[in-house]
Amino acid sequence: MKSILPEKIDIFLVVNPEAIEEHFNRNDPSPFYKRQLSHEFEEYINRIKAPARRLTVIEYKVTCKTESDKQYTEPLMYAIKRHFANIMLAKQGEFERFKRRNYIVLFIGLAIILLSHILIPLIIKENGSIESAILTGIDIFSWVMMWQPIDNLLFHWNHHLKDISTIKKLTEAPVIYTEEQL
Numbered sequence: 001m002k003s004i005l006p007e008k009i010d011i012f013l014v015v016n017p018e019a020i021e022e023h024f025n026r027n028d029p030s031p032f033y034k035r036q037l038s039h040e041f042e043e044y045i046n047r048i049k050a051p052a053r054r055l056t057v058i059e060y061k062v063t064c065k066t067e068s069d070k071q072y073t074e075p076l077m078y079a080i081k082r083h084f085a086n087i088m089l090a091k092q093g094e095f096e097r098f099k100r101r102n103y104i105v106l107f108i109g110l111a112i113i114l115l116s117h118i119l120i121p122l123i124i125k126e127n128g129s130i131e132s133a134i135l136t137g138i139d140i141f142s143w144v145m146m147w148q149p150i151d152n153l154l155f156h157w158n159h160h161l162k163d164i165s166t167i168k169k170l171t172e173a174p175v176i177y178t179e180e181q182l
């Protein structure tokens, strides 16, 4: 049976002086807004965003115990969005390298095929079956050689775009304040 994926994902955060330390790397002496996120906190966000689809809406739901705890919200959200903006830049670079590598392999393969189809008939002057056999072998070899870049360019780029899209949603997600449940 097909599982139903959510159309909206809420990331619940508790902000108070005690809980704020758990969200950041304890060894980072920087101010709150420049600190690195803790590994556990980053894994929490990654687990929650995993089932996100293209049209899924992501929101941060922040719970503060007191009014003075809201002062920690802005540095926390800045750190989260800065962290995922850096990850998004890395993913975009990875996607560009993926495309560039596959296009280069594809064009090198095409150049080799064209050169072999031009040069082999010039080298072999006979009108016998050996030229036909060699050209047929080159055709088979060329399809085998070019299958991987064609396959990658047609079918394997979507997960890169999905990752970039969900990370972009994390950087642009709105912050909604909720009342503490007692």
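Each residue of the sequence shown is one higher than the one before, counting from 1 in the numbering used here.
We treat Cβ as the ideally placed atom computed from N, Cα and C, and that holds for glycine.
_Closest to Leu89 by C-alpha separation, out of Asn46, Ile9, Ser165 and Glu42, would be which residue?_
Taking only the C-alpha atoms, the option nearest Leu89 is Ser165.
*Between Ile45 and Ile11, is the Cβ-Cβ spacing less than 8 angstroms?*
Yes. Within cutoff.
*Let me know if Gly137 comes out buried or exposed under the rule of 16 or more other beta-carbons within 10 Å of its beta-carbon.*
The residue in question, Gly137, is exposed, as its Cβ has fewer than 16 Cβ neighbours within 10 Å.
*Opposing strand residues paired with Thr178 [DSSP bridges]*: Answer by DSSP bridge pairing, in chain order: Thr63.
_Our contact map puts Ile134 next to Ile120 with C-beta atoms below 8 angstroms; I'd like the distance itself, whole angstroms only._
Confirmed, about 6 angstroms.
*Buried or exposed: which applies to Phe41, given that a residue is buried once 16 or more other Cβ atoms fall within 10 Å of its Cβ?*
Here Phe41 is buried, its C-beta having at least 16 other C-beta atoms within 10 Å.
*Inter-residue Cα distance where the pair is Leu76 and Pro6*: Cα to Cα, Leu76 sits roughly 25 angstroms from Pro6.
*asked:* In this structure, how does DSSP classify Leu13 when only helix, strand and coil are distinguished?
replied: Looking at Leu13 - three-state DSSP - the assignment turns out to be strand.
*What residue range is occupied by the uninterrupted alpha helix (DSSP H) comprising Tyr44?*
Boundaries of the alpha helix (DSSP H) harbouring Tyr44: His39 to Lys49, taken from the DSSP string.
_Distance, Ile9 Cα to Ala52 Cα_ = When the Cα atoms are used, Ala52 and Ile9 turn out to be separated by approximately 7 angstroms.
*CB-CB under 8 angstroms to Pro174, same chain, minus the five flanking residues each way: which ones, in chain order?*
So the qualifying residues of the chain are Glu59 and Tyr60.
*asked:* Considering only their Cβ atoms, is the gap separating Val14 from Thr73 smaller than 8 angstroms?
replied: In this structure, Val14 does not lie closer than 8 angstroms to Thr73 by Cβ.
*Span of the alpha helix (DSSP H) holding Glu74?*
Run containing Glu74: Thr73 to Ile123, per the alpha helix (DSSP H) assignment.
*Three CB pairs or more closer than 8 angstroms across the region 24 to 43 and the region 154 to 170*: At 8 angstroms Cβ cutoff, the stretches do not touch.
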